[in-house]
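Chemist:
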Amino acid sequence: MQSIIKPKRLAAFKDMSQSNIKTKILSYITHQQVQPSYEEYQALNTALQSGDQPMDQLLLWVLQNPKQHRKYFETALYQGLDKLPHEIPELTTFFQFVEQKPAWYDQNKIDAALKFTYRLGINNGLILRDLSLMTGYMYPGFNQPLVLTGALKKQAGTRLAETTKWWVDITEKNGFERFSKGFTSTIFVRFIHSLVRHQLQKSEKWDAETWGIPINQYDQAMTNIAFSGVVLIGIRALGIFPSKQEVDSFLHFWKYAGWLMGVEEKWLVDQEVDGWKLIYWMHFAHPQSDASSVSLGSSLSKEPFERKYRYLRSFQQKLAYKQHLEITQFFIGRKKMHKLGLAPQSASWFAYYLIGRNLALYTGAKHIPKLNSFLEQNGRQLQRIGLSLYRNQGQQLASMHQ
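Every letter in the sequence shown is one number past the one before it in numbering that gives the first Met the number 0, and letter 73, counting from 1, is 72.
1) Return helix, strand or coil for Asn357, following the three-state DSSP convention.
2) Could you check what DSSP says for Leu51 in three-state terms: helix, strand or coil?
3) Report the rounded CA-to-CA distance for Gly238 versus Val230, giving the unit in angstroms.
4) Nearest to Phe329 by CA position, among Gln78, Val195, Pro53, Ala236, is which residue?
5) Based on Cα-Cα distance, which residue from Gln200, Gly228, Gly135, Glu208 lies nearest to Val272?
6) Using DSSP with H/G/I as helix, E/B as strand and the rest coil, what is Phe289?
7) Let's test the definition: count the other Cβ atoms within 10 Å of the Cβ of Tyr310 and tell me whether it reaches 16, buried, or not, exposed.
8) So, does the stretch 260–279 touch the stretch 118–129, judging by three or more C-beta pairs under 8 Å?
9) With three or more C-beta pairs closer than 8 Å as the rule, is the stretch 273–281 touching the stretch 22–34?
10) Does the distance from the C-beta atom of Leu9 to that of Leu58 stay below 8 Å?
11) Helix, strand or coil, according to DSSP, for His68 in the structure here?
12) Going by DSSP in three states, Tyr117 sits in which element: helix, strand or coil?
13) Is Gly149 helix, strand or coil when you go by DSSP?
14) Keeping to the same chain, check which residues put their C-beta closer than 7 Å to that of Tyr71; ignore five residues upstream and five downstream.
15) What ranges does the alpha helix (DSSP H) occupy inside the stretch 81–109, keeping only unbroken runs of at least 4 residues that lie completely in it?
16) Okay, do the stretch 178–197 and the stretch 11–21 touch, 3+ Cβ pairs below 8 Å being the bar?
17) With a CB to CB cut of under 8 Å and the five nearest residues on each side skipped, what residues in its chain are close to His400?
18) Closest to Arg158 by CA distance: which of Phe93, Ser298, Thr45, Ser242 is it?
19) Among the residues of its own chain, which have a CB less than 7 Å from the CB of Lys7, if the five just before and after it don't count?
20) If distances are taken between C-alpha atoms only, which option among Glu203, Leu250, Gln99, Gln67 comes closest to Thr116?
21) When the Cα atoms are used, what is the spatial distance from Asp14 to Lys5?
22) Between the stretch 127–138 and the stretch 362–373, do three or more beta carbon pairs fall short of 8 Å?
23) Of the choices Lys335, Ile354, Ala42, whose alpha-carbon is the least far from that of Asn215?
24) So, for Gln394: in the same chain, excluding its five sequence neighbours on each side, which residues have a beta-carbon less than 6 Å away from its beta-carbon?
25) Please classify Gly355 as buried or exposed, where buried requires at least 16 neighbouring CB atoms within 10 angstroms.
26) If we count the other Cβ atoms within 10 Å of its Cβ and call it buried at 16 or more, is Ala225 buried or exposed?
27) Shortest alpha-carbon distance to Leu339 belongs to which of Arg312, Ile232, Leu132, Thr362?
28) Assuming Gly257 and Ala220 form a contact by the criterion Cβ under 8 Å, report the distance between their Cβ atoms to the nearest whole angstrom.
29) Is the distance from the Cβ of Arg118 to the Cβ of Gly385 below 8 Å?
30) Using C-beta distances below 8 Å, list every residue in its chain close to Ile3, excluding the 5 sequence neighbours before and after it, in chain order.
31) State the Cα-Cα distance for the pair Met344 and Lys164, rounded to the nearest angstrom.
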């Protein structure tokens, strides 16, 4: 077996390929071996050292004349190639590629996924914040770009507002149409990722031997799964049991979102069990939680105190702070709360409330069409209200389409 150059964050193939009770259970559930083959291990290693080739190539052109070329890029992004003063091959190549939807794209599944997302209401946002984001902070590989770009100094509410605004944009009806906010903000985020990747790779502070490439293919793929597969795990735990068609549509939506964000197709999942396999690998692609985990986790936990509630602000801030911690503890347990610098709670009362509420509402909605319609309409309204809590952050800092 040929030795390969790998970042220190990645465990040895021997360690990843070992069988234990956990792998046997996961392999049984997923109907496949969760431990990687040597070929899969090599692909994982390559992904940790790979960026976004189409956008990274375009960025090199932008940096040849930053002021003028960035203006051309934004003109092409927000107005179209035909609004450029003359044809620019680099922009034509990139935008013709992203404007052409892949052969597997299914608009019917996208539309079905949106309705399902709306029906989830506050549950989707709670799981993204209190499970996906919080547990992601336990894996230092994700945190390094935030640490080195100074994002740790930015208020957690601002970071959350930016992500929430993007999520709301892409989940609007027709959000992926060429000049919709969902499409343009996704491409803009992709551009910023490439710019950060370029700058960090030039920085002496970036430890490539340990971390590989910043915002690499595998870390981006896992971020995509945090929005899709992890949400599906979370909603079941909170009493919502989606149909096979709903799961399929939801995964399809996020497969396209990942593709548009620059994740290679081989790292985008069609089956939920394939996402579970990648989640298992994640434990071997990151070292133990560190100071960045505590800093980010603690900062996010205090984010409710930045919210602009209209009434009883102090009371609602304290209540939200406690409720979010209870949900996180419900999912990760008291022991892991310490790894994130979080205060353990006496019990996960808010999570228990959500389970009872969701079991009643979502089970009933399967038999009562009016209740199903109410969940869809009211759920989307609640999702928009969630963004409005950030006010200035959500309207200005996160308006990547302007």
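Built from N, CA and C at the ideal position, the CB exists for glycine as well.
Modeler: The short version:
1) helix
2) In the sequence on display, residue 51 carries Asp and not Leu. Reduced to three states, the DSSP call for Asp51 is coil.
3) 12 Å
4) Ala236
5) Gly228
6) Before going on, a small fix: residue 289 reads as Asp here, not Phe. DSSP places Asp289 in coil when its eight states are reduced to three.
7) exposed
8) no
9) yes
10) no
11) helix
12) helix
13) coil
14) Leu83, Ile87, Leu90
15) 88–98
16) no
17) With a pLDDT of 41 at His400, under the threshold of 50, the modelled position of that residue is not reliable, and the figure given next carries that caveat. Cβ within range, chain order: Tyr77, Asp168, Lys180, Thr183, Ser184, Phe187.
18) Ser298
19) Glu208, Thr209
20) Leu250
21) 14 Å
22) no
23) Ala42
24) Because Gln394 carries a pLDDT of 45, less than 50, the predicted location of this residue cannot be relied on, and the following value inherits that uncertainty. Correct list: empty, nothing qualifies.
25) exposed
26) buried
27) Leu132
28) 7 Å
29) no
30) Gln41, Asn44
31) Going by the sequence as given, residue 344 is Gln instead of Met. Each residue's Cα considered, the two are about 30 Å apart.
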